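Residue numbers (the working numbering): 2 to 284.
C-beta atoms are modelled at their ideal positions from N, C-alpha and C, and glycine is treated no differently.
Predicted model only: the values in this text are computed from it and were never measured.
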(Lines of atoms letter the chains of each structure in order from A and count residues from 1; the text may use other names and numbers.)
(Lines give C-alpha, C1' and ligand atoms only; values in the text may rest on other atoms or scores of the structure.)
Protein backbone atom coordinates (compact mmCIF):
# COMPACT_ATOMS: atom_id res chain seq x y z
CA UNK A 1 0.00 0.00 0.00
CA UNK A 2 1.60 3.27 -1.11
CA UNK A 3 1.38 6.45 0.90
CA UNK A 4 -1.21 8.89 -0.43
CA UNK A 5 0.05 12.44 -0.79
CA UNK A 6 -2.53 15.21 -0.93
CA UNK A 7 -1.46 17.51 -3.74
CA UNK A 8 -3.05 19.27 -6.68
CA UNK A 9 -3.12 17.07 -9.79
CA UNK A 10 -4.61 17.72 -13.21
CA UNK A 11 -5.98 14.81 -15.18
CA UNK A 12 -5.88 14.68 -18.98
CA UNK A 13 -9.38 16.03 -19.52
CA UNK A 14 -10.55 19.32 -20.98
CA UNK A 15 -11.70 22.09 -18.64
CA UNK A 16 -14.44 24.54 -19.57
CA UNK A 17 -13.36 28.16 -19.26
CA UNK A 18 -15.84 30.22 -17.22
CA UNK A 19 -17.49 33.01 -19.20
CA UNK A 20 -16.34 35.70 -16.76
CA UNK A 21 -12.75 34.52 -17.20
CA UNK A 22 -13.08 34.75 -20.99
CA UNK A 23 -14.52 38.23 -20.60
CA UNK A 24 -11.65 39.35 -18.36
CA UNK A 25 -9.10 38.29 -20.98
CA UNK A 26 -11.20 39.52 -23.95
CA UNK A 27 -11.57 36.02 -25.40
CA UNK A 28 -14.26 35.26 -27.97
CA UNK A 29 -15.68 31.88 -29.01
CA UNK A 30 -14.69 28.47 -27.68
CA UNK A 31 -10.97 28.49 -28.43
CA UNK A 32 -8.77 25.66 -29.68
CA UNK A 33 -7.73 22.99 -27.18
CA UNK A 34 -3.96 22.65 -27.50
CA UNK A 35 -1.96 19.45 -27.45
CA UNK A 36 -0.16 18.95 -24.15
CA UNK A 37 -1.07 21.25 -21.30
CA UNK A 38 -2.89 18.33 -19.59
CA UNK A 39 -6.10 19.28 -21.36
CA UNK A 40 -6.40 22.75 -19.85
CA UNK A 41 -4.70 25.06 -22.38
CA UNK A 42 -6.64 26.85 -25.12
CA UNK A 43 -5.67 29.21 -27.90
CA UNK A 44 -7.82 32.22 -28.76
CA UNK A 45 -6.16 34.01 -31.66
CA UNK A 46 -2.93 35.51 -30.33
CA UNK A 47 -3.60 34.49 -26.72
CA UNK A 48 -3.17 31.15 -24.93
CA UNK A 49 -5.04 30.61 -21.66
CA UNK A 50 -4.58 27.74 -19.23
CA UNK A 51 -5.31 26.71 -15.69
CA UNK A 52 -2.39 27.22 -13.34
CA UNK A 53 -1.14 24.90 -10.64
CA UNK A 54 -0.63 27.62 -8.04
CA UNK A 55 -2.05 31.15 -8.13
CA UNK A 56 0.72 32.82 -6.13
CA UNK A 57 3.44 31.24 -8.24
CA UNK A 58 1.67 32.28 -11.42
CA UNK A 59 1.24 35.89 -10.27
CA UNK A 60 4.90 36.15 -9.30
CA UNK A 61 6.23 34.44 -12.43
CA UNK A 62 4.02 36.67 -14.60
CA UNK A 63 5.52 39.77 -13.00
CA UNK A 64 8.98 38.28 -13.53
CA UNK A 65 8.49 37.40 -17.20
CA UNK A 66 6.96 40.80 -17.82
CA UNK A 67 10.21 42.44 -16.66
CA UNK A 68 12.53 40.43 -18.90
CA UNK A 69 13.77 42.57 -21.79
CA UNK A 70 12.95 41.58 -25.35
CA UNK A 71 15.76 39.67 -27.05
CA UNK A 72 16.37 39.14 -30.76
CA UNK A 73 17.85 35.70 -30.00
CA UNK A 74 15.01 34.18 -28.01
CA UNK A 75 11.26 34.72 -27.70
CA UNK A 76 9.21 34.27 -24.54
CA UNK A 77 5.47 33.71 -24.26
CA UNK A 78 4.80 36.84 -22.23
CA UNK A 79 1.94 37.04 -19.69
CA UNK A 80 -1.26 38.87 -20.57
CA UNK A 81 -3.13 40.93 -17.97
CA UNK A 82 -6.86 40.70 -17.47
CA UNK A 83 -9.04 43.81 -17.76
CA UNK A 84 -9.02 44.08 -13.97
CA UNK A 85 -5.22 44.31 -13.99
CA UNK A 86 -4.73 40.84 -12.50
CA UNK A 87 -2.50 38.16 -13.97
CA UNK A 88 -4.71 35.31 -12.72
CA UNK A 89 -8.50 35.06 -12.76
CA UNK A 90 -10.09 32.11 -10.95
CA UNK A 91 -6.97 30.00 -11.48
CA UNK A 92 -6.68 30.87 -15.19
CA UNK A 93 -3.75 32.81 -16.67
CA UNK A 94 -2.99 33.94 -20.21
CA UNK A 95 0.14 34.38 -22.32
CA UNK A 96 0.85 35.61 -25.83
CA UNK A 97 0.70 33.05 -28.64
CA UNK A 98 3.82 32.87 -30.81
CA UNK A 99 3.60 30.77 -33.97
CA UNK A 100 6.16 28.04 -33.44
CA UNK A 101 6.56 24.28 -33.39
CA UNK A 102 8.36 21.44 -31.70
CA UNK A 103 11.38 20.23 -33.71
CA UNK A 104 12.62 16.70 -33.15
CA UNK A 105 16.20 15.86 -32.28
CA UNK A 106 17.49 19.46 -32.11
CA UNK A 107 19.10 18.89 -28.74
CA UNK A 108 21.95 21.38 -29.02
CA UNK A 109 19.49 24.07 -30.10
CA UNK A 110 17.35 23.37 -27.04
CA UNK A 111 20.36 23.52 -24.73
CA UNK A 112 21.45 26.78 -26.34
CA UNK A 113 17.95 28.17 -25.81
CA UNK A 114 18.08 27.10 -22.17
CA UNK A 115 21.36 28.95 -21.71
CA UNK A 116 20.06 32.12 -23.37
CA UNK A 117 16.87 32.08 -21.31
CA UNK A 118 18.67 31.45 -18.04
CA UNK A 119 21.14 34.23 -18.80
CA UNK A 120 18.15 36.59 -18.94
CA UNK A 121 16.93 35.29 -15.56
CA UNK A 122 20.29 35.27 -13.81
CA UNK A 123 20.03 38.53 -11.88
CA UNK A 124 16.42 38.23 -10.71
CA UNK A 125 15.60 37.22 -7.14
CA UNK A 126 13.63 34.13 -6.22
CA UNK A 127 10.34 34.52 -4.33
CA UNK A 128 11.13 32.87 -1.00
CA UNK A 129 7.46 33.10 0.02
CA UNK A 130 6.43 30.37 -2.44
CA UNK A 131 5.46 27.18 -0.61
CA UNK A 132 7.65 24.12 -1.40
CA UNK A 133 4.52 21.93 -1.49
CA UNK A 134 2.48 24.24 -3.73
CA UNK A 135 2.17 21.51 -6.42
CA UNK A 136 3.70 18.14 -7.20
CA UNK A 137 6.56 19.56 -9.30
CA UNK A 138 7.77 21.98 -6.64
CA UNK A 139 7.24 19.27 -4.02
CA UNK A 140 9.37 16.79 -5.97
CA UNK A 141 12.10 19.38 -6.54
CA UNK A 142 12.22 20.12 -2.83
CA UNK A 143 12.56 16.42 -2.00
CA UNK A 144 15.31 15.85 -4.57
CA UNK A 145 17.39 18.73 -3.26
CA UNK A 146 16.91 17.86 0.41
CA UNK A 147 14.66 20.76 1.39
CA UNK A 148 11.96 18.26 2.45
CA UNK A 149 12.71 14.87 3.98
CA UNK A 150 11.98 11.83 1.86
CA UNK A 151 11.83 9.45 4.84
CA UNK A 152 8.57 7.46 5.13
CA UNK A 153 6.94 9.34 2.25
CA UNK A 154 6.42 6.29 0.02
CA UNK A 155 6.19 2.66 1.03
CA UNK A 156 6.82 -0.57 -0.86
CA UNK A 157 8.57 -0.81 -4.22
CA UNK A 158 8.11 2.86 -5.09
CA UNK A 159 9.82 4.04 -1.92
CA UNK A 160 12.59 1.44 -2.25
CA UNK A 161 13.38 2.40 -5.84
CA UNK A 162 13.52 6.13 -5.14
CA UNK A 163 15.64 5.51 -2.04
CA UNK A 164 18.03 3.41 -4.13
CA UNK A 165 18.60 6.34 -6.48
CA UNK A 166 19.19 8.63 -3.50
CA UNK A 167 21.93 6.22 -2.38
CA UNK A 168 24.00 7.25 -5.43
CA UNK A 169 23.76 10.95 -4.57
CA UNK A 170 26.94 12.82 -3.68
CA UNK A 171 27.29 16.38 -2.48
CA UNK A 172 27.76 18.92 -5.25
CA UNK A 173 28.82 22.54 -4.98
CA UNK A 174 26.53 24.62 -7.15
CA UNK A 175 24.96 28.04 -7.53
CA UNK A 176 21.19 28.40 -7.66
CA UNK A 177 19.24 30.83 -9.78
CA UNK A 178 15.74 30.99 -11.24
CA UNK A 179 15.39 28.29 -13.90
CA UNK A 180 12.72 26.78 -16.12
CA UNK A 181 12.53 23.18 -14.92
CA UNK A 182 10.54 21.77 -17.85
CA UNK A 183 12.20 22.96 -21.03
CA UNK A 184 12.41 19.78 -23.10
CA UNK A 185 8.87 19.97 -24.43
CA UNK A 186 8.43 23.69 -23.83
CA UNK A 187 11.12 24.98 -26.15
CA UNK A 188 9.58 25.57 -29.56
CA UNK A 189 11.01 27.21 -32.69
CA UNK A 190 9.72 29.68 -35.25
CA UNK A 191 10.05 29.15 -39.00
CA UNK A 192 13.31 31.12 -38.75
CA UNK A 193 14.55 28.75 -36.02
CA UNK A 194 14.30 31.33 -33.25
CA UNK A 195 13.62 29.53 -29.94
CA UNK A 196 10.33 30.20 -28.16
CA UNK A 197 10.01 29.51 -24.43
CA UNK A 198 6.53 28.58 -23.19
CA UNK A 199 4.88 27.25 -20.01
CA UNK A 200 7.36 28.68 -17.52
CA UNK A 201 7.89 26.21 -14.67
CA UNK A 202 10.04 28.14 -12.16
CA UNK A 203 12.45 26.61 -9.70
CA UNK A 204 15.48 27.92 -7.80
CA UNK A 205 18.15 25.44 -8.81
CA UNK A 206 21.40 25.19 -10.84
CA UNK A 207 21.19 25.75 -14.58
CA UNK A 208 23.03 22.45 -15.07
CA UNK A 209 20.04 20.73 -13.45
CA UNK A 210 17.69 22.31 -15.99
CA UNK A 211 19.93 21.01 -18.79
CA UNK A 212 20.03 17.52 -17.27
CA UNK A 213 16.22 17.49 -17.19
CA UNK A 214 16.13 18.40 -20.90
CA UNK A 215 18.46 15.53 -21.80
CA UNK A 216 16.84 12.93 -19.54
CA UNK A 217 13.36 13.86 -20.75
CA UNK A 218 14.59 13.63 -24.34
CA UNK A 219 15.92 10.11 -23.85
CA UNK A 220 12.93 8.93 -21.83
CA UNK A 221 10.08 10.58 -23.73
CA UNK A 222 11.40 11.43 -27.21
CA UNK A 223 13.46 8.31 -27.92
CA UNK A 224 16.75 10.17 -28.07
CA UNK A 225 19.82 7.89 -27.90
CA UNK A 226 21.52 7.26 -24.57
CA UNK A 227 24.62 8.93 -25.99
CA UNK A 228 22.77 12.24 -25.69
CA UNK A 229 24.05 12.48 -22.12
CA UNK A 230 27.48 13.23 -23.59
CA UNK A 231 26.19 16.61 -24.76
CA UNK A 232 26.22 17.72 -21.11
CA UNK A 233 29.57 19.09 -20.01
CA UNK A 234 28.85 20.35 -16.50
CA UNK A 235 31.08 19.37 -13.64
CA UNK A 236 29.29 16.64 -11.64
CA UNK A 237 27.20 15.87 -14.73
CA UNK A 238 26.11 12.45 -13.48
CA UNK A 239 24.90 13.91 -10.19
CA UNK A 240 22.66 16.36 -12.02
CA UNK A 241 21.34 13.49 -14.14
CA UNK A 242 20.52 11.52 -10.98
CA UNK A 243 18.60 14.46 -9.59
CA UNK A 244 16.76 15.04 -12.86
CA UNK A 245 15.62 11.42 -12.99
CA UNK A 246 14.62 11.24 -9.36
CA UNK A 247 12.68 14.48 -9.85
CA UNK A 248 10.62 12.88 -12.62
CA UNK A 249 10.10 9.66 -10.68
CA UNK A 250 9.00 11.46 -7.52
CA UNK A 251 6.53 13.51 -9.58
CA UNK A 252 5.16 10.20 -10.89
CA UNK A 253 5.03 8.75 -7.38
CA UNK A 254 3.05 11.76 -6.15
CA UNK A 255 0.60 11.17 -9.00
CA UNK A 256 0.41 7.38 -8.63
CA UNK A 257 -2.83 7.42 -6.65
CA UNK A 258 -4.58 9.27 -9.49
CA UNK A 259 -2.84 7.38 -12.29
CA UNK A 260 -2.04 3.82 -11.14
CA UNK A 261 0.91 2.35 -12.99
CA UNK A 262 2.44 5.72 -13.86
CA UNK A 263 5.51 5.18 -11.67
CA UNK A 264 6.31 1.81 -13.25
CA UNK A 265 5.92 3.32 -16.71
CA UNK A 266 8.28 6.18 -15.88
CA UNK A 267 10.87 3.81 -14.43
CA UNK A 268 10.85 1.92 -17.74
CA UNK A 269 11.52 5.19 -19.57
CA UNK A 270 14.30 6.53 -17.35
CA UNK A 271 15.99 3.37 -16.08
CA UNK A 272 18.23 2.85 -19.14
CA UNK A 273 20.01 6.11 -18.30
CA UNK A 274 20.58 5.00 -14.72
CA UNK A 275 21.90 1.60 -15.75
CA UNK A 276 24.30 3.17 -18.24
CA UNK A 277 25.83 5.40 -15.60
CA UNK A 278 25.52 3.45 -12.36
CA UNK A 279 26.33 -0.21 -11.89
CA UNK A 280 24.54 -2.05 -9.13
CA UNK A 281 21.13 -0.54 -9.79
CA UNK A 282 18.40 -3.15 -9.33
CA UNK A 283 14.96 -2.89 -10.94
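Residue 221 and residue 85 have their C-alpha atoms some 42 Å from each other.
Around the CB of residue 31, fewer than 16 other CB atoms lie within 10 Å, so the residue is classed as exposed. When DSSP assignments are scanned along the stretch 42-72, the uninterrupted stretches of alpha helix (DSSP H) that are 4 or more residues long and fall wholly within it turn out to be 56-68. Around the beta carbon of residue 29, fewer than 16 other beta carbons lie within 10 angstroms, which makes this residue exposed. When beta bridges are read from the DSSP output, residue 146 appears opposite no residue. Close CB contacts of residue 145 within its chain, under the 6 Å cut and outside five residues either way in sequence, are with 244, 247, 248 (chain order). The secondary-structure analysis by DSSP pairs residue 205 across a beta bridge with 179. For residue 252, the enclosing alpha helix (DSSP H) has its first and last residue at 238-255. In this chain, residue 199 is not harboured by any alpha helix (DSSP H), its DSSP state being neither H nor E. Linking residue 191 to residue 184 through their CA atoms gives a straight-line distance of about 16 Å. Just so you know, the alpha carbons of residue 65 and residue 280 end up roughly 42 Å apart. Around the beta carbon of residue 148, fewer than 16 other beta carbons lie within 10 angstroms, which makes this residue exposed.
For residue 127 against residue 205, the beta-carbon gap comes to about 4 Å, under 8 Å, which counts as contact. Residue 75 places its beta carbon 7 Å or farther from that of residue 226. As a beta-bridge residue in DSSP terms, residue 33 pairs with 44.
Per DSSP, the unbroken alpha helix (DSSP H) holding residue 167 starts and ends at 157-167.
By the Cβ neighbour-count rule, residue 218 is buried, with 16 or more other Cβ atoms within 10 Å of its own. In the three-state reduction of the DSSP assignment, residue 77 falls in the strand class, which pools E and B.
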